[in-house]
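Residues in the sequence shown are numbered consecutively from 19, following the working numbering. Remarks on the structure that follows.
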Amino acid sequence: MKRKLYHVFVDLEKVFDRVPREMIVWALRRQKVPENSIILVMALYENERSRVKSPAGLSEEFSIEVGVHQGSALSPLLFIAVMQEATKEERGENLKEVLYADDLALMAETEGEVVERLSAWKRGMEKRGLKVNMEKTKMMVLRRKPAVPLERRRYPCGCCGKGVGQNSVFCRECEGWCHQRCSGLQDVRRAADGFRCPKCVGGGRQEEDARKVLVGEDHVEIVDEFCYLWDVMRGEGGAECAVRARIASAWRKWRELARLLVTQGEQILRCFSHVVRRDEGHIVK
């Protein structure tokens, strides 16, 4: 509808380690789980004790009274049940919240509305023993026009984001290149050494870096890109950032396996060369 949409990506701090045990019982009962099953589940957390292993040896035993077991197949199910019941009061009727395990995204058409929803969710989470990490919580504004151009080349233009060629000039302030058509100059060869691109002259770069929103006593940073559920989202939409992120991830995995593949390939070639030496005439035929 050609309107802005405000997103807030909420980060919960160490949720698996902070889930209160009484919240697990409360959520399972609200989910109408049989009482015998609840007793069996909570028996796993009865008199739970642990130690810390260090180079100096084992520490003294201490009790663990909060959180769910790490690595247990039952822990994600218990956590989902707690989140399902703990967020019923904050969830709205329309599709303005996306909650996948502990990854929460809030959406609204105005900045004031999304800040209000974030404050309500924050109060609801803290009331039930969970804590929102405001430093990792980010806001992104979905708009048609990009706030910062997407860098598509090795040497992108600081104004439009496309790759520069010979007709370009270097900006001393942001240390980036700028097209002649974006610089506003008639001839880039006659540009002074202290050239500043239109982005730096207008102050847009500094304003964009310092944008934050006040939520209660905390500040939430406004970003142009965010990785949500292993996919990269960008303010102006599109799938280019997501495609580039997946290509980079594939190359990282390839580099991790390249040494193993080369080692196996060398072994195969070594065996093949041994066969050739033993019966070279047969191989040629």
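All residues carry an ideal CB built from backbone N, CA and C; glycine is no exception.
Bridge partners - residue i, DSSP secondary structure assignment
i: V261; result: BP columns for V261 are empty, so no partner.
i: W195; result: C175, F188
i: V133; result: Paired residue(s): none; V133 is not in a bridge.
i: I240; result: M157
i: L23; result: L160
Straight-line gap, residue i to residue j (C-alpha atoms, nearest Å)
i: E66; j: C192; result: 56 Å
i: H237; j: M158; result: 14 Å
i: G142; j: C218; result: 42 Å
i: C178; j: G194; result: 12 Å
i: L275; j: W44; result: 46 Å
i: K180; j: F80; result: 58 Å
i: P216; j: F188; result: 12 Å
i: Q88; j: G75; result: 22 Å
i: V182; j: S201; result: 12 Å
i: S155; j: K114; result: The displayed chain sequence assigns Thr, not Ser, to residue 155. Going by the C-alpha atoms only, they are around 17 Å apart.
i: V231; j: G130; result: 10 Å
i: L247; j: Q204; result: 47 Å
i: L278; j: V250; result: 30 Å
i: E53; j: L23; result: 44 Å
i: S72; j: M152; result: 32 Å
i: N185; j: D242; result: 29 Å
i: L122; j: Q198; result: 44 Å
i: P94; j: R36; result: 14 Å
i: A228; j: L58; result: Per-residue confidence for A228 stands at a pLDDT of 46, beneath the threshold of 50, marking its modelled position as unreliable; no derived number is given.
Beta-carbon proximity list for residue i, same chain, < 6 Å, skipping 5 on both sides
i: L96; result: I42, V86
i: E103; result: A45, R48
i: W139; result: E108
i: E127; result: none
Reference residue i, options the options, closest by Cα
i: A99; options: D120, I82, E115; result: D120
i: K20; options: C196, R161, A91, S137; result: R161
i: S90; options: V84, L62, W269; result: L62
i: R135; options: F213, C175, L92, F27; result: F27
i: K32; options: F213, V150, V261; result: V150
Sequence-distant residues of its chain with Cβ nearer than 7 Å to residue i (five each side left out)
i: V133; result: V231, V233
i: V51; result: none
Beta-carbon proximity list for residue i, same chain, < 8 Å, skipping 5 on both sides
i: E78; result: R69
i: I56; result: V43, L46, R47
Starting from the N-terminal side, write out each stretch of the beta strand (DSSP E) that is 3 residues or longer and does not extend beyond the stretch 66-151. 115-118, 121-126
Counting only runs of 4+ residues fully inside the stretch 26-72, write out the alpha helix (DSSP H) ranges in chain order. 33-36, 39-48, 53-61
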